[in-house]
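Colleague: I'd like to ask some things about the structure below.
In our numbering, the protein residues as written are 21 to 258.
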């Protein structure tokens with residue numbers, strides 16, 4: 021075994037066993053060397069502090085049309101990113117795929133390169149009969165019925181939205197005369213779940229999805245602002 025291979029193996033062992041060393045490596049890799057993150061393929065300076073999260077890469081392209089002078093930045097796996105400006109502020113749009121693992125990876129790596137606030141424009145299965153098609157759903161928190169969040173925080177830790185950011189969504193609905201509901205989203209790992217639309221099992225739950233809890237928990241762990249909004253359509257919320 022060469023000296024380089026021995027050094028690599030030793031550093032890998034330290035990174036696994038010692039969280040402090042792992043944080044140092046992450047800092048050196050991201051902040052000092054300005055290297056791109058492995059999954060999203062971007063480095064510091066390529067995104068804005070405000071990031072819109074969507075599920076589908078095609079949705080990222082559509083959402084980017086809301087920005088001024090949007091530019092395609094990167095597309096690696098499910099992570100497609102555009103960056104532009106909105107009211108003078110630098111804003112990015114990134115797709116994070118479907119499911120907690122990919123969403124958590126996206127939020128973690130975006131936070132590492134400078135993202136400060138996340139707004140998830142999600143899709144899910146409507147769970148409340150009170151919500152009519154065309155109405156907006158604003159999540160103040162998520163029922164943690166999934167597994168990804170457990171890798172970041174125990175089940176007793178709540179998956180909640182940033183209250184200031186969630187209130188901004190509410191006020192935007194009021195100003196735009198859009199009917200809206202504020203409540204909970206249930207996040208699960210199974211899309212075809214027979215209980216996904218049974219709101220009686222989860223009081224005050226507006227819809228069921230796959231990503232919200234993981235996004236809220238991961239963003240909370242990185243001390244980032246986060247909120248979630250979607251629009252009810254026939255059969256699902258989007």
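Virtual Cβ for every residue (Gly too), placed ideally from N, Cα, C.
Treat the numbers as computed from the prediction; the structure is a model and nothing was measured.
Let me check understanding here. Comparing Cα to Cα, which of 187, 243, 172 and 222 lies closest to residue 249?
Modeller: 187
Colleague: Find out if the Cβ-Cβ distance for the pair residue 113, residue 72 is shorter than 8 angstroms.
Modeller: yes
Colleague: What's the C-alpha gap between residue 65 and residue 103?
Modeller: Put simply, the backbone Cα of residue 65 is about 10 angstroms away from that of residue 103.
Colleague: Cutting at 7 angstroms between CB atoms, please list the residues of its own chain near residue 142, excluding the five before and the five after it.
Modeller: 75, 229, 231, 232, 248 and 250
Colleague: What did DSSP end up calling residue 92 once you bin it into helix, strand or coil?
Modeller: strand
Colleague: Return the CA-CA distance between residue 245 and residue 133, expressed in angstroms with no decimal places.
Modeller: 15 angstroms
Colleague: CB-CB under 6 angstroms to residue 180, same chain, minus the five flanking residues each way: which ones, in chain order?
Modeller: Answer for residue 180: 161, listed in chain order.
Colleague: Look at residue 68 and residue 109 and say whether their C-beta atoms are less than 8 angstroms apart.
Modeller: yes
Colleague: Exposed or buried, what is residue 167 when buried is set at 16 or more other beta-carbons lying within 10 Å of its beta-carbon?
Modeller: exposed
Colleague: So residue 234 and residue 117 are supposed to be a Cβ contact under 8 angstroms. How far apart are they, rounded?
Modeller: Going by Cβ atoms, the distance from residue 234 to residue 117 rounds to 11 angstroms, so no, they are not a contact pair.
Colleague: Tell me, please, which residues DSSP counts as bridged to residue 100.
Modeller: 95
Colleague: If you compare alpha carbons, which of 25, 210 and 88 is closest to residue 165?
Modeller: 210
Colleague: Relative to the alpha-carbon of residue 138, which residue among 242, 221 and 55 has its alpha-carbon at the smallest distance?
Modeller: Of 242, 221 and 55, the residue nearest in Cα terms is 242.
Colleague: Taking the CB atoms as reference points, tell me whether residue 128 and residue 99 lie closer together than 8 angstroms.
Modeller: no
Colleague: Give every residue of the same chain whose Cβ lies closer than 7 angstroms to the Cβ of residue 208, excluding the five residues on either side of it in the sequence, and list them in chain order.
Modeller: 165, 166, 216, 228 and 230
Colleague: Enumerate in chain order the residues of its own chain whose CB-to-CB distance from residue 203 is below 6 angstroms, with the five nearest sequence positions on each side excluded.
Modeller: For residue 203, same chain residues with a beta-carbon under 6 angstroms away, outside a window of 5 residues either side, are 224 and 226 in chain order.
Colleague: Kindly indicate which residue of 174, 153, 178 and 157 has the alpha-carbon position closest to the one of residue 163.
Modeller: 178
Colleague: For residue 239, which residues in the same chain have their Cβ closer than 6 angstroms to its Cβ, ignoring the five residues on either side in sequence?
Modeller: In the same chain as residue 239, and ignoring 5 residues on each side of it, the C-beta atoms closer than 6 angstroms to its own belong to 127, 138 and 246, in chain order.
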